[in-house]
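Trainee:
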Amino acid sequence: MMIVTRFAPSPTGYLHVGGARTALFNWLLARRSGGKFLLRIEDTDLKRNTPTAMRQVLDDLRWLGIDWDEGPEIGGPHGPYLQSQRREIYDRYVRQLITQKKAYYCFDTPEEIDRLRKDAEDRKQVFLYPRPERFPDPSEAEKAAAEGRPVTVRLAVTETEPIVVRDLLRGEVTFNPAEIGDFVILKSDGFPTYHMAVVIDDELMGVTHVIRGQEHLMNTPNHQLLQKALGFRIPEYLHMSVTVSDSGGKLSKRERPEHLRKAILEKKDADRDELAKVGRISRQQLDSFLLKESIPDMPAIDAIAAHLGIHLPEINVVDFLKSGYLPEAMVNFLALLGWNPGDGREVMDRQELIEAFDLSRMNKSNSLFDRQKLMSFNTEHIKRVPPEILVSHFRRFLEVVHSPVAQADDQLAAHLVRINEGARTLAQIEEKCRFAFVPDEAIEYDLQAVKKVLRKEGAIDILKIIAERLKAMSEFTAEGLETMLRQLAEEKQAGLGKVAQPLRVAITGATISPPIFDAVKLLGLDRTLRRIHQTIERFKDE
RNA sequence: GCCCCCAUCGUCUAGCGGCCUAGGACGCCGGGUUCUCAUCCCGGUAACAGGGGUUCGAGUCCCCUUGGGGGUACCA
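The opening residue of the first sequence carries number 937 in the numbering used here; numbering runs sequentially from there.
(1) Tell me whether M1132 is buried or exposed, calling it buried when 16 or more other Cβ atoms sit within 10 Å of its Cβ.
(2) Mind checking G1280: buried by the 16 CB within 10 Å criterion, or exposed?
(3) Check this for me: beta carbons of I939 and L965, under 8 angstroms apart or not?
(4) According to DSSP, what are the bridge partners of S1303?
(5) Given a cut-off of 8 angstroms, decide if V1456 and N1302 are closer than it, judged by their beta-carbon atoms.
(6) For F1119 and R1090, which I take to be in contact (beta-carbon distance under 8 angstroms), what is that distance rounded to the nearest angstrom?
(7) Enumerate in chain order the residues of its own chain whose CB-to-CB distance from S1339 is below 6 angstroms, with the five nearest sequence positions on each side excluded.
(8) Restricting to Cα atoms, I'd like to know which of N1112, I1025 and E1229 is closest to L1122.
(9) With a threshold of 16 other CB atoms inside 10 Å of the CB of A1242, please say whether the residue is buried or exposed.
(10) Can you give me the C-alpha to C-alpha distance between E1380 and L1226, rounded to a whole angstrom?
(11) By DSSP's criteria, D1103 is part of a beta bridge. Which residues make up the other side?
(12) Taking only the alpha-carbon atoms, compute the straight-line gap between L1166 and Y1029 and give it to the nearest angstrom.
(13) Going by DSSP, name the residue or residues bridged to P1128.
(14) What's the C-alpha gap between P1479 and G1107?
(15) State the start and end residues of the unbroken alpha helix (DSSP H) segment that holds L1459.
(16) Taking the beta strand (DSSP E) that F943 falls in, what are its first and last residues?
(17) Does the region 1445-1456 come close enough to the region 1367-1386 that 3 or more CB-CB pairs lie under 8 angstroms?
(18) For a test of the three-state rule: what should DSSP assign to E1380, helix, strand or coil?
(19) Would A1436 pass as a contact of L1421 if the rule is Cβ separation under 8 angstroms?
(20) Sorted by chain position, which residues of the same chain lie with C-beta nearer than 7 angstroms to S1224's C-beta, five sequence neighbours on each side aside?
(21) By the 10 Å Cβ neighbour count, where 16 or more other Cβ atoms means buried, how is M1154 classified, buried or exposed?
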């Protein structure tokens, strides 16, 4: 039998790494087994959906290299793949259950339900919805709706035998049906609940294996109850461990705003009107955010953080893109969070992951999202990925972060990548090369660099000599430069550093750059000379 | 509160009763290479949560305790 897996995100925001990991494992299983992987959008909660989220989720999956065989934008035999477009299908099954007296209408307001739940809590009992003696018939539902009462449908949970969930990872987990109340399957807005929609779609779409987060383990008995009531098969289930954050607790989208909020509160001198302005939000919105009352959208968060110069922890997939990580590293790292090939290998590309993947090698325990380990994978993959792929990643990165380096064409970008061997992220390559893409007068001299290098005895003199000899060079090549600089160092009876460092600071303003010969060559003779002179003028009297 | 899951170095993990004097990777510490930042090379530090069983033998099986995580919605 062909294995069919799926990833079913709800478009409530950007795809975060936890979701990406879930998608990845489903994808790996499908690819390993020659099965199908499909994508379905669970947008049955109109309050939480955001219009751009689906687009972003699809982009992020594609960036990671996780492709789907059926789903949004490509279609397939089981569409539509947006649950919001499948209302008639769900309605049909809801009606079926009502006709069979397996489900029934309810007309309670949320307030009434809240009261019942509170009462149960006060008595220290589990809340179970009080099933009516007689189920209302459709005419009563119509009447209630006409009167403006909310109409929902609940499944009558009449099961008395223990419900056994067979989990591929955890074995058999037994639940007591007496603790599962009659749960809602159709909401008062006419949309099915998650439980109802997921069970129907997985059946209709032929999903054979459901790999999802441990947070769904407790939902599974409900799903099995529904599958039984509807006469559906029960797919294989595997509930993965959860990825927790290095700041403690489950990895959450809220971490970025939280981090920023703390940073703002710590900076007592920060001008809050100014912050609101750079975030393009009102002062009231900012204050409300600082009081933990609300959370601004992501562009605002990013803008304010950038303004304050603070690095927010990456959570969403797109955050990692913006920090200069490679999708290959992300996929590799995520795959190793809760799985391993068993032969000690760690650095693997997608193909190697697919070939080695095996459900039996998955782990049960939660794992911590360790950014340092991710960084190490990124370093490895920068070295490992084919040059043309790396260049295309680099150019995409430059676009996304709006770098001045984005002016570079493929050939130049390839060169920049080549002269920065050993970089850990694309961001590091960009930082080191940016000096060559900004106007001469725009370079800022790093305070530490000036102090450590330019103000040292003889530094300015060396710059003068370098300028003279550069002008005297017959041919401006990296080799020629190297010969010239090494010779100069020898004359001064010093290491190359004695010569290279002042030059580096003069042309970049900083102590970090690509290798000095490459850096000068990149900038070109004229601009190098101009920057040297500019530097001499500025620091000669200090 | 109730329900469920989990438990080996700081982190990711190998280990599926004797091959374990517990292995690897990341990090960290020390050293080396180097024009800066990195990369790279060498060395070192560091763990079976605790307590009971089972067994000739337990990191590996069972129970309890503790700890961590998840769930407890007309969210998914």
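Glycine residues also receive a C-beta, built at the ideal position from the N, C-alpha and C atoms.
Mentor: If we stick to the structure as given:
(1) By one-based count along the first sequence, residue 1132 stands at place 196. Per the 10 Å Cβ criterion, buried.
(2) One-based indexing of the first sequence puts residue 1280 at position 344. With fewer than 16 Cβ atoms within 10 Å of its Cβ, G1280 is classed as exposed.
(3) As a working mapping, residue 939 is identified with position 3 in the first sequence. As a working mapping, residue 965 is identified with position 29 in the first sequence. It is a contact, given that the beta carbons lie within the stated cut-off.
(4) By 1-based counting over the first sequence, the position of residue 1303 is 367. Beta-bridge pairing links S1303 to T1179.
(5) Position 366 of the first sequence, counting from 1, holds the residue named residue 1302. Position 520 of the first sequence, counting from 1, holds the residue named residue 1456. For N1302 and V1456, no; Cβs fall outside 8 angstroms.
(6) Taking the first residue of the first sequence as position 1, residue 1119 is located at position 183. Taking the first residue of the first sequence as position 1, residue 1090 is located at position 154. About 6 angstroms separates the two Cβ atoms, so the contact holds.
(7) Along the first sequence, read from residue 1 onward, the residue named residue 1339 stands at position 403. Here the set comprises E1366.
(8) Position 186 of the first sequence holds residue 1122. Looking at the Cα atoms, I1025 is the closest of the given residues.
(9) Walking along the first sequence from the start, residue 1242 turns up at place 306. Counting Cβ neighbours within 10 Å, A1242 comes out exposed, since fewer than 16 surround it.
(10) The count along the first sequence starts at 1 and reaches residue 1380 at position 444. The count along the first sequence starts at 1 and reaches residue 1226 at position 290. E1380 and L1226: Cα-Cα distance of roughly 33 angstroms.
(11) As a working note, residue 1103 is residue 167 in the first sequence. G1107 and Y1173, per the DSSP bridge assignment.
(12) As a working note, residue 1166 is residue 230 in the first sequence. As a working note, residue 1029 is residue 93 in the first sequence. Approximately 8 angstroms, taken between the alpha carbons.
(13) Taking the first residue of the first sequence as 1, we reach residue 1128 at position 192. In DSSP, P1128 forms a bridge with L1122.
(14) There is simply no residue 1479 to check, as the chain begins at 937 and stops at 1478 in what is shown.
(15) The residue given as residue 1459 occupies position 523 in the first sequence. Unbroken alpha helix (DSSP H) run through L1459: I1452 to L1459.
(16) Against the first sequence, residue 943 aligns to sequence position 7. Here the beta strand (DSSP E) through F943 covers V940 to F943.
(17) yes
(18) Counting from 1 along the first sequence, the entry for residue 1380 is found at position 444. Coil, per DSSP.
(19) On the first sequence, residue 1436 is found 500 positions in, with the first residue counted as 1. On the first sequence, residue 1421 is found 485 positions in, with the first residue counted as 1. It is a contact, given that the beta carbons lie within the stated cut-off.
(20) Position 288 of the first sequence, counted from the start, is the residue given in the question as residue 1224. Cβ within range, chain order: S1230.
(21) Working through the first sequence from its first residue, we reach residue 1154 at position 218. Classification for M1154: exposed.
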